[in-house]
Amino acid sequence: MTSALIIVLREVLEAVLIICMLLASSSALGLRFRWLPPALFAGLTGALIYALSLEDISMAFEGFGQEIVNAVILLLIMLLLLAHNFLAMREFKAPKIARLPALSLLVLSATIAMAMVREGSEIYLYVYSYGVVAGDMTSVLAGGAIGTGIGFSLGTFIYYGLRTLSARHCLLFSSIMALVIGAGMSSQAALFLAQADLVPTSEPLWDSSALVAESSLLGELLQAVIGYEASPIATQVVMFAGALLLSLAAMGIGIFSVRNISANPGAIRTHRSNE
Amino acid sequence: MTPSRQPSGNVGRKLKCQMRRLTGAALCCVAMSAQAQTPVFEIEIREHLFYPSELKIPAGQKVKLVIHNRDATPEEFESYELNREKVIIGNTQGVVFIGPLKPGEYPFFGEFNPKTAQGKVIVE
């Protein structure tokens, strides 16, 4: 049961962090939650399709289909979080007057769906192979329920924590979270590519496992938040830093793009009439 | 390209770009030649156990690990120390590249059967 708990908690943690953070952003951006059910449905469907076609995916790309698909999904989520940060910073700089609702809906829904595809497929596979095939459904369900429970409690805590802040501060905190989560995902993508021998590899740069073991609870939590790796290779560090800089640039562009509007609210009229 | 017309920063950038392309090509060649001599090691999964459960590999060298899953159920080859995770569907095989690594012991386990499916890579 404990192994089911840890497996489910690990997978749920990352998805829950992203979903709750984006929900908080969504209300700060003035969007209603009507977009959520379709996004969740798309995510679940995607996860199921991914899990069911895992055999074909594994065989694709000379046996490295899993690594390539995982890396692509991770980098896609990183880019979507970057887009979120761009939108959040526009709202931060010029609240309520420079919203891009259609783009915001698209970015938020796609991020949540992709995060669910990634984590959901692994949970499905585990439940299927050890619940259905090996027939140990009781412990899988019990462990899974507790793991999901802990994950969602943490998510609720994050959501309401962010919601107690003012809309602008909520967006700022969400953006900082998205910044590090995205960079962590980029670093994880580097690892998958190294596993498939598609990027240069080297001996690990350092080993901090004595400080924080990856298998510890804190290690798992840090992995979900910043993509913590006790013994990273240089490629990971480069991809982490690259994602961080790209996202910061997107945030800068977001602020820059609305500077005139926020400096002179009257400009919104000319801005709109130009469109 | 006359230096008087073009700002020197631009020339520098172009040169840097070219250099990067060249290094990229060189890295590619190195990777390809290394792949030709990458040693291959094999592991089997039977009844949710790894055979052999201890695998010796050379230090400072990239290694190709072929994992054969002889069980009907999928297994996830996972190692925190090696930083690797890969699902291997029942009755198929999967390839994972590991290293280069410093000498030492690197435990791995089957994530779906972590209590029984355990092993380690010994780098020397």
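Going down the list, the sequences are from chains E and L.
Note that the first sequence covers residues 192 to 466 in the numbering used here.
Note that the second sequence covers residues 60 to 183 in the numbering used here.
Glycine included, C-beta positions come from ideal geometry on N, C-alpha and C.
Checklist entry - If you run the structure through DSSP and keep just helix, strand and coil, what is H107 of chain L? => result Here DSSP, grouped into helix, strand and coil, assigns H107 of chain L to coil.
Checklist entry - Looking at V449 of chain E and A289 of chain E, is the spacing between their C-beta atoms short of 8 Å? => result Going by C-beta atoms, A289 of chain E is nearer than 8 Å to V449 of chain E.
Checklist entry - Is the segment 304-320 of chain E touching the segment 225-236 of chain E, taking contact as three or more C-beta pairs under 8 Å? => result Result yes; three or more Cβ-Cβ pairs closer than 8 Å.
Checklist entry - Under a CB-based cut-off of 8 Å, is V122 of chain L close to chain E? => result Taking 8 Å as the CB threshold, V122 of chain L stays off the interface with chain E.
Next on the checklist: If you reduce the DSSP assignment to three classes, tell me which class R290 of chain E lands in.
Outcome noted: Here R290 of chain E sits in coil by DSSP.
Checklist entry - Out of E:G254, E:A304, E:N261, which has the shortest C-alpha to C-alpha gap to I209 of chain E? => result Of E:G254, E:A304, E:N261, the residue nearest in Cα terms is E:A304.
Item to check | Rounded distance between the beta-carbons of K123 of chain L and P162 of chain L, thought under 8 Å | outcome: About 19 Å; that fails the 8 Å criterion.
Item to check | Amino acids of chain E, ordered along the chain, whose beta-carbon sits closer than 9 Å to that of E137 of chain L | outcome: Chain E residues near E137 of chain L: none, gap ~10 Å exceeds 9 Å.
Checklist entry - Is it true that the CB of Y350 of chain E sits closer than 8 Å to the CB of C211 of chain E? => result Going by C-beta atoms, C211 of chain E is nearer than 8 Å to Y350 of chain E.
Next on the checklist: Judging by CA-CA distance, which residue of E:A421, E:L222, E:L384 is the nearest neighbour of S399 of chain E?
Outcome noted: It is E:A421 whose Cα lies nearest to the Cα of S399 of chain E.
Checklist entry - When Cβ atoms are compared, which residues of the segment 149-177 of chain L fall closer than 9 Å to chain E? => result In summary, the residues of the segment 149-177 of chain L whose CB is separated from some CB of chain E by less than 9 Å are G149, T151, Q152, G153, V154, V155, F156, I157, G158, P159, L160, K161, E170, F171, N172, P173, K174, in the order they occur in the chain.
Next on the checklist: Do P117 of chain L and E140 of chain L have their beta-carbon atoms positioned less than 8 Å apart in this structure?
Outcome noted: The answer is no: Cβ separation not under 8 Å.
Next on the checklist: Suppose contacts are defined by Cβ-Cβ distances below 8 Å. Is Q96 of chain L in contact with P159 of chain L by that definition?
Outcome noted: With respect to the 8 Å criterion, Q96 of chain L and P159 of chain L are not classified as neighbours on the basis of their beta carbons.
Item to check | Buried or exposed by the 16-neighbour rule on C-beta atoms within 10 Å, applied to E253 of chain E | outcome: The residue is exposed, with fewer than 16 neighbouring Cβ atoms inside 10 Å.
Next on the checklist: Within 8 Å of any Cβ in chain E, is that where the Cβ of K145 of chain L sits?
Outcome noted: Interface residue, yes.
Checklist entry - For P133 of chain L, is the classification buried or exposed, using 16 other Cβ atoms within 10 angstroms of its Cβ as the cut-off for buried? => result Buried, since its Cβ has 16 or more Cβ neighbours within 10 Å.
Next on the checklist: Please tell me whether N142 of chain L has its Cβ less than 8 Å away from any Cβ of chain E.
Outcome noted: Nearest CB-CB separation between N142 of chain L and chain E: below the 8 Å threshold.
Item to check | Under 7 Å from the C-beta of P2 of chain L: neighbouring residues of chain E | outcome: Outside the modelled stretch of chain L, which goes from 60 to 183, sits residue 2 of chain L, for which no answer is possible.
Checklist entry - What are the boundary residues of the alpha helix (DSSP H) that includes F167 of chain L? => result Segment 163-169 is the beta strand (DSSP E) holding F167 of chain L; no alpha helix (DSSP H) there.
Item to check | Neighbouring residues, chain L, relative to T392 of chain E (Cβ below 8 Å) | outcome: Within chain L, the C-beta atoms nearer than 8 Å to that of T392 of chain E come from K121, F156, G158, P159, in chain order.
Item to check | Closer than 8 Å to chain L by CB, V260 of chain E | outcome: Put simply, the CB of V260 of chain E is far from chain L, with every gap to its CB atoms at 8 Å or more.
Item to check | Simplified DSSP state of S138 of chain L, which is helix, strand or coil | outcome: S138 of chain L falls in the strand class under three-state DSSP.
Next on the checklist: For A440 of chain E and L272 of chain E, I'd like the C-alpha separation in whole angstroms.
Outcome noted: Spanning the two alpha carbons is a distance of roughly 13 Å.
Checklist entry - Helix, strand or coil: which one does DSSP assign to I148 of chain L? => result Coil at I148 of chain L, not helix or strand.
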